[in-house]
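J.: To convert, take the position in the sequence shown, counting from 1, and add 128; that gives our numbering.
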Amino acid sequence: MMNDIESGRAIEVRRTGKDRVVYSILNTRIHERYFVLVSGGHVVTALPRNKPLMKRWRRASAHLEPNSSA
Numbered sequence: 129m130m131n132d133i134e135s136g137r138a139i140e141v142r143r144t145g146k147d148r149v150v151y152s153i154l155n156t157r158i159h160e161r162y163f164v165l166v167s168g169g170h171v172v173t174a175l176p177r178n179k180p181l182m183k184r185w186r187r188a189s190a191h192l193e194p195n196s197s198a
């Protein structure tokens, strides 16, 4: 998980404080998406998938993908 965060493969979904960030991480082996709370460079907890996090993830990932309507 930390390798994905440090390399930039994880998507920042929500910043909840100065050093607390929720990231979305994709496990490519089983094609499952996880949300983790990171504080001060350490994983604190995994968060359950829920509608608000999925909505934020969709908005954040839409900005990273190239525009296909051009």
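Where a beta carbon is used, it is the ideal one built from N, C-alpha and C, also for glycine.
Please identify the residue among 168, 190, 158 and 146 whose C-alpha is closest to the C-alpha of residue 133.
T.: 168
J.: Just to confirm my understanding: we take residue 176, look at its own chain, exclude 5 residues before and 5 after, and list those with CB closer than 8 Å. What are they?
T.: 163
J.: Which term fits residue 189, buried or exposed, when burial requires 16 or more other beta carbons within 10 angstroms of its beta carbon?
T.: exposed
J.: In terms of alpha-carbon separation, which member of 173, 172, 179 and 166 lies closest to residue 140?
T.: 166
J.: Give me whichever residues DSSP pairs with residue 173 in a beta bridge.
T.: Residue 173 is bridged to 165.
J.: Between residue 129 and chain C, is any beta-carbon pair separated by less than 8 Å?
T.: No chain C appears in the structure shown, which is made up of a single protein chain.
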